Structure formats: C-alpha cells, structure tokens
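Each residue of the sequence shown is one higher than the one before, counting from 1 in UniProt numbering. Data block below; observations after.
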Amino acid sequence: MNYLSTRGDPAARHFSDILLEGLAPDGGLYLPQSYPQIDAATLARWRGLAYADLAYEILSLYIDDIPADDLKALTKRTYTEAVFGTPEITPLKPLEPGLALVALSNGPTLAFKDMAMQLLGQLFEYELKRRGETLNILGATSGDTGSAAEYAMRGKAGIQVFMLSPNGRMSPFQQAQMFSLQEANIHNLALQGVFDDCQDIVKAVSNDLDFKRRHRIGTVNSINWARLLAQVVYYFAAYFQATRTDSERVSFTVPSGNFGNVCAGHVARMMGLPIERLVVATNENDVLDEFFRTGVYRPRGAAQTLETSSPSMDISKASNFERFVFDLLDRDADRVRQLFGEQLATQGYFEITAEERARMSARFGFVSGRSSHADRLATIRLCHQRYGQVIDTHTADGLKVALEQRQAGTPMLVLETALPAKFAATIEEALGLVPPRPAALADLESRPKRVQVMPVSVDLVKQFIVDHV
Ligand SMILES: *Cc1c(COP(=O)(O)O)cnc(C)c1O
C-alpha cells in the first residue's frame, strides 16, 4: 500500500516512511492511495477473531513493509488483557436495547488515546531498532495526549520523551499520572505559563531545523497516520459485538475535537463496514458541528477557544479534518490545496457547495450535534439515573447528541473516550459523588514525582534536551 498527500504530492511512500513523520512535505496529510475493500467472506472470517488478531488483519492491509510475523507479534504484545483490563479489549457496555457505550478507556491512562498510542510505542521501538536510529519526542500537553504518549513510550529502547505542560494547570490526577513515572527516558517539564506557551516552544524548537536534525526531534501528534489506523480496529470490534450477522447496520457517535477518532470511523466505513451514521459530537467549541450543519469551516483563534468541562475537545481547528474533506471532494487535491492552503490563510474560512453538503450525509453518513456544560451535567445525571452508569464529560457530550440522532431499528454505539475518574470535579458537580477509580490507581497522587519546573524559555528547554540526550 502506498500513501499520498491530501494536497497532491504523489511521492508514493510506504507505511514505515510516514510512521515517524508529521505533515507531508507539501503541508497535506497522508492517506492511503485507496481503501482496501472488505468483502462478505472476509467480514465473516473476522467476526470470530480476538482483538489482537483483528488488529493484525486490518493493519496488514495498510502495511506492506513490516514482515507478517513481526506485525503479528507487535499487535499481540500491544492488545493484552494485562494492559486493557478485559479479554475483549474494547467491550460494549449496554445501556438499553439498541444503545451501548464502547469501552475504549481501560488502558493505562483511562482515555481512548491509549488504544492507538500503545501500538505507536511498539511500532516506533521496532522501526528505530530496524534503522539503528534513536528519537527524542518533544510534545506539549494539557492532559490526555501527554500521559498516553508517556505510558506508551516508557522504557522503550531508543526513545526519550520530553513533555511540556503548564505548571499547576492540569488536574491533580493528570499531574500525578505523568509525574509519577520513574523511567529514565521520560522527562516532564512543567513550564511556568499556559498551554499555548508550551505549544509555542514545541513549534519554535521544531522550526529550528538544524537543532531538530542534530538532536533527532520527533512528535506523536494526532495527525500521525499510524494512530488513526490503530483506531479503525475498534469500529470493527464494536460492530461484531453489537450485531449477530454481517447484514445488520449500526451507527456510531463520537465525541470529537481534532477529528482523529471519527476519521477512523470514516475509514472503516469506506472499507465497507456496514455503518449507517457517523455522528460527530462537539462541545461548545463547535467548529465541526458548524461545518456539518452549514458547509462553512471556520477555525477559531486561541481567544475564541473556550475552556470547557470536556477539555480534551477544546480545540480551535480540527487537525485531521482535511483527510475527510479530501474524500468528500472526490480526492481533488487541487481543490483541497485551494481551500486549506489558500482560502483559510487569506479569508479565515471556506465554504463547500450545496451539492457537496448534501453528499456528507447521503454518501458518507455524517451528521453532527453539539453540547454545553448544562447538557453535560444533565446527561451525566440521566445516564446515572436511567442506566446506573457513571460516564465522563466527553462521553456525555457523545451520549447527548446520540440520543438526538439515533434512528429506530439501528443500534447506536457511543464511544467512551475517557473514564469519569479523570474528570472528577464535574462528576461531583453533576451527581454529588466521587467517581470510582481503578483500584491500582488508589494512591496515585501520593506517589513520588519526577518533574522539572522551569520558566517559559525556548533556550532552557533546548538546553535541557541537550543535557539529557
Ligand atoms: C482526545 C480526546 C477526544 C477527541 O478526540 P479527537 O480524535 O481529537 O476527535 C475526546 N475525548 C477525550 C477524552 C480525548 O482525550
């Protein structure tokens, strides 16, 4: 399988070429040249597979430059009951007939990002060893991504992680999760500033091409194709659990920010998985809901990006979204370059045609909705009272929109993107109770911490990296 860029760079690359990269050289995102089509016999064969074997089958359709035995071993090592808590890895949690959560958040950091990041850790270690190279991952986090990356890369040969976070601004649980890691290859830098300061430093270091090359700086951001591909697997796994035959259709609702998770659902649907609707659920930062309702894509500035009680969806632009638009426009790379490369830069938004708008739901199954803090509280209460389940704030955004968009006769599956223990304050506000926490994490906040506090300074961060590689 070869990969191309959404902005037209035809340079055919293989999976391992793009694994360690971010954007394509022309500024686009990588996508496979075509989506492998799953026929009825294949779907029937996959139905009985264990999660790791299903992951191998799907990955192998997109990866032709890792030997089959190696890929099989990587998926087996990644998707284990020991790491994800159950033999199913992503079990369904039924709420009522025709409505269920897909439990994606039982990995080490209690959010769905572990599903992809754990595989990325294995793939990076494998590929770096094969090339005889090392990599220093530099990232900025306000919560879920940083911890998922650290837990995936801890102790991995040839990899060091330098994770910047805003000092004192993450929840005590999130801080403890990251800072309690004792592995020598994990470095937590708490900067005396806000998240945007951290992100600016990552950009400044990455733009210093000489420093970047000399110190082998890389990233693990959400546009990484391998992360997206890993997420395709649980759409299949959930489908098999929710249906008895391959002629049934289901819909998914996905709490969305950067459009990574739901883009994986789009890929699964393009491969032929019988998905009726893909429902995009946003919070008050409703860039995506606006697009699916009006056909206008208008990223926001930092000042118009609201801080909400589902903070992992507080985005100003949806960094994976260009992938879907590429497919929506029949893979017309010139048009994509015009919209994302030129119109966004000059006028700050773009608008698609009425015919293209109609296509989003008719051909691609997309619909959307949004949620507010009040909706979130009401949905957490409703779910607790009606179904006896405590859900987190992001999943609540999903369930709120799912209840609006579900259709009679088609099961609706809501992706559970985090566990409530991670966002305890809002759960207490809604229910007046402290959400349950996995027993293994009972003493998390009292564990010894490894963190370096420093002022907001590109030079100090660079010096820290130089001193530790
Ligand atoms: C990252 C995240 C999301 C948003 O996922 P995208 O792939 O960026 O759309 C939703 N919920 C939680 C808990 C997250 O960590």
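Think of the CB as a built atom: it goes at the ideal place given N, C-alpha and C, for glycine as much as any other residue. Since this is a predicted model, take the numbers as computed values, not measurements.
Residue i CB to nearest heavy atom of ligand 1 below 6 Å
i: residue 459; result: no
i: residue 252; result: no
i: residue 147; result: no
i: residue 398; result: no
i: residue 266; result: no
i: residue 165; result: no
i: residue 255; result: yes
i: residue 417; result: yes
i: residue 286; result: no
i: residue 292; result: no
i: residue 259; result: yes
i: residue 312; result: yes
i: residue 14; result: no
i: residue 373; result: no
i: residue 289; result: no
i: residue 394; result: yes
i: residue 467; result: no
i: residue 39; result: no
i: residue 114; result: no
i: residue 470; result: In the structure as shown, the chain starts at 1 and stops at 469, and residue 470 therefore has no counterpart that could be examined.
DSSP three-state assignment for residue i, whether helix, strand or coil
i: residue 427; result: helix
i: residue 235; result: helix
i: residue 303; result: helix
i: residue 335; result: helix
i: residue 177; result: helix
i: residue 5; result: strand
i: residue 112; result: coil
i: residue 454; result: strand
i: residue 344; result: helix
i: residue 400; result: helix
i: residue 13; result: strand
i: residue 183; result: coil
i: residue 30; result: strand
i: residue 66; result: coil
i: residue 272; result: coil
i: residue 220; result: coil
i: residue 259; result: coil
i: residue 349; result: coil
i: residue 126; result: helix
i: residue 35; result: coil
i: residue 466; result: helix
i: residue 296; result: strand
i: residue 245; result: coil
Range of the contiguous beta strand (DSSP E) that encloses residue i
i: residue 186; result: 186-191
i: residue 165; result: 159-166
i: residue 279; result: 275-282
i: residue 366; result: 366-370
i: residue 412; result: 412-416
i: residue 140; result: 135-140
i: residue 92; result: 92-96
i: residue 102; result: 99-103
Short Cβ contact (7 Å threshold) for residue i with residue j
i: residue 191; j: residue 164; result: yes
i: residue 345; j: residue 8; result: no
i: residue 379; j: residue 426; result: no
i: residue 293; j: residue 276; result: no
i: residue 135; j: residue 216; result: yes
i: residue 58; j: residue 232; result: yes
i: residue 175; j: residue 143; result: no
i: residue 103; j: residue 91; result: yes
i: residue 418; j: residue 435; result: no
i: residue 350; j: residue 387; result: no
i: residue 234; j: residue 265; result: no
i: residue 308; j: residue 284; result: yes
Element boundaries [alpha helix (DSSP H), containing residue i]
i: residue 252; result: Looking at the DSSP string, residue 252 is not in any alpha helix (DSSP H); the run it does join, the beta strand (DSSP E), is 250-255.
i: residue 355; result: 354-362
i: residue 384; result: 373-387
i: residue 199; result: 195-207
i: residue 313; result: Premise fails: residue 313 is in no alpha helix (DSSP H) and is neither H nor E.
i: residue 151; result: 144-153
i: residue 328; result: 321-328
i: residue 40; result: 40-46
Check: residue i C-beta below 6 Å from any heavy atom of ligand 2
i: residue 111; result: Of the ligands this structure carries, namely ligand 1, none is ligand 2.
Beta carbon proximity, residue i to chain C, threshold 7 Å
i: residue 57; result: Protein chain content of the structure displayed is limited to a single chain, and chain C is not contained in it.
Taking contact to mean 3 or more Cβ pairs, one atom from each stretch, closer than 8 Å, check whether the segment 58-71 and the segment 300-320 are in contact.
no
Between the segment 205-224 and the segment 454-467, are three or more C-beta pairs nearer than 8 Å?
yes
The segment 356-366 touching the segment 393-407, judged by at least three CB pairs closer than 8 Å:
no
At least 3 beta-carbon pairs within less than 8 Å: the segment 10-19 vs the segment 34-52:
no
Inter-stretch contact (C-beta, 8 Å, three-pair minimum) for the segment 256-267 and the segment 221-237
yes
With contact counted as at least three CB pairs below 8 Å, one residue from each stretch, are the segment 367-374 and the segment 400-409 in contact?
Flag = yes, the segment 367-374 and the segment 400-409 touch.
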